[in-house]
Each structure stands twice: as C-alpha cells, then as structure tokens.
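Colleague:
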Amino acid sequence: MRLLHTMLRVGNLEESIKFYCDVLGMKLLRQKDYPGGEFTLAFVGYGDEADHSVIELTYNWGKDSYDIGDGYGHIALGVDDIYSTCDKIKSLGGKVIREPGPMKHGTTVIAFVEDPTGYKVELIETKKD
Numbered sequence: 001m002r003l004l005h006t007m008l009r010v011g012n013l014e015e016s017i018k019f020y021c022d023v024l025g026m027k028l029l030r031q032k033d034y035p036g037g038e039f040t041l042a043f044v045g046y047g048d049e050a051d052h053s054v055i056e057l058t059y060n061w062g063k064d065s066y067d068i069g070d071g072y073g074h075i076a077l078g079v080d081d082i083y084s085t086c087d088k089i090k091s092l093g094g095k096v097i098r099e100p101g102p103m104k105h106g107t108t109v110i111a112f113v114e115d116p117t118g119y120k121v122e123l124i125e126t127k128k129d
C-alpha cells in the first residue's frame, strides 16, 4: 500500500491551482469536470501520480467557502532553504502565517503558509549541514 492523495475542498479552483502551482511549485497533473455531480477535480503535485502522493482539489460548483473545522491539521512539505522559500512565497502573493524558526520544544526549523481556502501548509527545512 501507499498514500495516493489528500483531498481538499476548495472555494475557488483557479485561485487554489494558482497557489499550489505558481506559489508552491507543484504541477497541475489533471483536471476533469463532472457535470452530473456538479463538481470538478484537479490533481496537483511534484511528480507523476504513479510515483508520488498528490493533492486532489475538489471544487463543488456554486460552493465558495468551507468551515475548515478544528479537526484538520496541515499538509507538510520539505524544503531545502526555508527562509528563501518563504521570501519567494511572499513575493508571489502567498500568505506566510508563521515565519521560519525552530519549532516549540525542538530544533527543527518550520514555517506555515495558508492557501486561498484557509488550509495550513507546514514547511519543514530538510537541508542537511
């Protein structure tokens, strides 16, 4: 078994695709409308679905916002240089909601960004010294 994808419901599909692709550097792998169910699925990720886990963005037609709730945590992405990554995200219009620095009670350097729907994405510096 392996993890295939994580599904997020989004209120604005175009804004969400732009965030994950243009700001976080993923690629739009595929997108399809389902008129009978009145929804669109878009899959984004860093590599082909055959070899990588991806994110499924689900847009339910006519639904422009969601109550994320307190059960959702975050998606985590590994990055080589968290400081330059956060600078780039901000320059591309992304929202850094926790600036880079050591996590509480530890030494791992992390930051958090927020996507257009309000989902949290944790960045974890993976660079080895």
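According to our numbering, the sequence shown holds residues 1 to 129 in order.
From the three backbone atoms N, C-alpha and C, an ideal C-beta is built for every residue, glycine too.
What you are looking at is a predicted structure, and each value in this text was computed from that prediction instead of being measured.
(1) Are the region 94-103 and the region 63-78 touching, with three or more C-beta to C-beta distances below 8 Å?
(2) Short check: CB of Ile-75 to CB of Val-109, under 8 Å?
(3) For Lys-104, does the three-state DSSP call read helix, strand or coil?
(4) Which residue's Cα is closest to the Cα of Gly-106: Ile-17, Asp-48, Ile-124?
(5) Expressed to the nearest angstrom, what Euclidean distance is found between the alpha-carbon atoms of His-5 and Val-44?
(6) Can you tell which of Gly-11, Ala-111, Leu-28 has the C-alpha that lies nearest to the C-alpha of Gly-47?
(7) Going by DSSP, what residues sit across from His-5 in a beta bridge?
(8) With distances taken Cα to Cα, identify the nearest neighbour of Glu-15 among His-52, Glu-38, Phe-39, Leu-57.
(9) According to DSSP, what are the bridge partners of Asn-60?
(10) With which residues is Ile-124 paired in a DSSP beta bridge?
(11) Inspect the beta-carbon positions of Asn-12 and Glu-38 and report whether they are closer than 8 Å.
Modeller: If we stick to the structure as given:
(1) no
(2) Taking the first residue of the sequence shown as 1, we reach residue 75 at position 75. Taking the first residue of the sequence shown as 1, we reach residue 109 at position 109. No, the pair does not count as a contact, with Cβ atoms beyond the cut-off.
(3) As a working mapping, residue 104 is identified with position 104 in the sequence shown. In the structure shown, Lys-104 sits in coil (DSSP, three-state: anything other than H, G, I, E or B).
(4) The residue given as residue 106 occupies position 106 in the sequence shown. Nearest C-alpha to Gly-106: Ile-124.
(5) The sequence position of residue 5 within the sequence shown is 5, counting from 1. The sequence position of residue 44 within the sequence shown is 44, counting from 1. In a straight line, the C-alpha of His-5 is about 9 Å away from that of Val-44.
(6) Translated into the one-based positions of the sequence shown, residue 47 becomes position 47. The residue with the shortest Cα to Cα distance from Gly-47 is Leu-28.
(7) Mapped onto the sequence shown, residue 5 falls at position 5. According to DSSP, which records beta bridges pairwise, His-5 is partnered with Val-54.
(8) Taking the sequence shown and counting its residues from 1, the one referred to as residue 15 is at position 15. Selected option, being the one with the closest Cα: Leu-57.
(9) Within the sequence shown, the letter at position 60 stands for residue 60. The partner list for Asn-60 (beta bridge, DSSP) reads Phe-39.
(10) Along the sequence shown, read from residue 1 onward, the residue named residue 124 stands at position 124. BP columns for Ile-124 point to Gly-78, Ile-110.
(11) As a first step, residue 12 is located in the sequence shown; it is residue number 12 there, counting from the start. As a first step, residue 38 is located in the sequence shown; it is residue number 38 there, counting from the start. No, Cβ-Cβ distance for Asn-12 and Glu-38 is not below 8 Å.
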